[in-house]
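Trainee:
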Amino acid sequence: MTALSVVAALLRDVPVQPDAETAREWARDELARPEYHRQPSLLQRVLEWLQEQLDSVPSLGLPDGVALTIAVVAGVALVLGILWFVGPVRRSRTRARTGAVVLSADDRRTAEQLRAAADAAAAAGDWHLAVLERFRAVVRGLEERTVLDERPGRTAHEAVTDAGQRLPGLAADLRTAGDLFDDVAYGDVRADADDDRRLRELDRRVRGTRPTTAAAAAGDRLVVPS
111 MTALSVVAAL
121 LRDVPVQPDA
131 ETAREWARDE
141 LARPEYHRQP
151 SLLQRVLEWL
161 QEQLDSVPSL
171 GLPDGVALTI
181 AVVAGVALVL
191 GILWFVGPVR
201 RSRTRARTGA
211 VVLSADDRRT
221 AEQLRAAADA
231 AAAAGDWHLA
241 VLERFRAVVR
251 GLEERTVLDE
261 RPGRTAHEAV
271 TDAGQRLPGL
281 AADLRTAGDL
291 FDDVAYGDVR
301 ADADDDRRLR
311 ELDRRVRGTR
321 PTTAAAAAGD
331 RLVVPS
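Each residue of the sequence shown is one higher than the one before, counting from 111 in the working numbering.
Below, the structure written as structure tokens:
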């Protein structure tokens, strides 16, 4: 039994019954949409499978309209599932190579100004902007305290890695915050009030933690030969 036969058995009572020509037109129009062609090699195989299922419509024992509708729905669902999976993977690979920039060269706001911007965004319910500005405030505050050197274009990963060496007790929380910044900046995660609250608390803890000296941090990275 083919995959389409299983779907047909489960959905035999589908109420939508366009005629065969209309259903074929729906299939052509839907599959012509550009988002279904962003991964040619993989989607080509999917489209070939769908075409095989469409060709098998006469053997299913269902009215043409119902069978074609089932084929279109099943095919589109499969394609969308693939796009949903491939999209985040592709973004994750890009992020692993580059990461999101925290502070651009032309962003000269102070940590207090960034905190105020985060507070204003939070008050407006814009958690996306609140989280981004809150993390920027953390990084700018570390620069102002000379825990980090001022480096426009620094990525979140670079910032939390360097900061974690000077604030080892907060290294894990800083890494989590950096991952959140990347995920929100790339649109992989929708920020919420809890995310902003956690970053607000991290900012408070970072400001209240005395950093290790640069020499001590460098010494921790030295490997003593055996």
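Ideal placement from N, C-alpha and C gives every residue a C-beta, glycine not left out. In this text, all values refer to a predicted model and were calculated from it rather than measured experimentally.
#1: I need the straight-line Cα distance from A301 to T286, nearest angstrom please.
#2: Using 8 Å as the threshold, is the region 307-320 in touch with the region 232-250, meaning 3 or more CB pairs across them?
#3: Would you mind stating whether P262 and A215 have Cβ atoms separated by less than 8 Å?
#4: Could you tell me the alpha carbon to alpha carbon distance between T271 and W159, rounded to whole angstroms?
#5: Judging by CA-CA distance, which residue of D292, P321, R315 and T323 is the nearest neighbour of V212?
#6: So D306 is in the alpha helix (DSSP H); what residue range does that whole segment cover?
#7: Give me the Cα-Cα distance between E260 and E253, rounded to the nearest whole angstrom.
#8: Quick check on this structure: which residue in E243, D236 and A232 has the alpha carbon closest to the alpha carbon of R219?
#9: Nearest-angstrom Cα distance between A295 and T323?
#10: At the level of alpha carbons, what is the spacing between R276 and T265?
#11: Is DSSP giving T220 helix, strand or coil here?
Mentor: The structure says:
#1: Here residue 301 corresponds to residue number 191 of the sequence shown, with the count starting at 1. Here residue 286 corresponds to residue number 176 of the sequence shown, with the count starting at 1. In a straight line, the C-alpha of A301 is about 14 Å away from that of T286.
#2: yes
#3: Here the question's residue 262 lines up with position 152 in the sequence shown. Here the question's residue 215 lines up with position 105 in the sequence shown. Going by C-beta atoms, P262 is nearer than 8 Å to A215.
#4: On the sequence shown, position 161 is the one that residue 271 refers to. On the sequence shown, position 49 is the one that residue 159 refers to. Between T271 and W159, the C-alpha separation is close to 46 Å.
#5: Here residue 212 refers to the residue found at position 102 when the sequence shown is read from its first residue. Nearest option by C-alpha distance: D292.
#6: The residue given as residue 306 occupies position 196 in the sequence shown. Run containing D306: A303 to R317, per the alpha helix (DSSP H) assignment.
#7: For this step, residue 260 is matched to residue 150 along the sequence shown. For this step, residue 253 is matched to residue 143 along the sequence shown. So the two alpha carbons sit approximately 6 Å from each other.
#8: On the sequence shown, residue 219 is found 109 positions in, with the first residue counted as 1. Per the Cα distances, E243.
#9: Translated into the one-based positions of the sequence shown, residue 295 becomes position 185. Translated into the one-based positions of the sequence shown, residue 323 becomes position 213. So the alpha carbons of these two residues sit roughly 31 Å apart.
#10: By one-based count along the sequence shown, residue 276 stands at place 166. By one-based count along the sequence shown, residue 265 stands at place 155. Going from the Cα of R276 to the Cα of T265 covers about 17 Å.
#11: The residue labelled residue 220 in the question sits at position 110 within the sequence shown. Coil.
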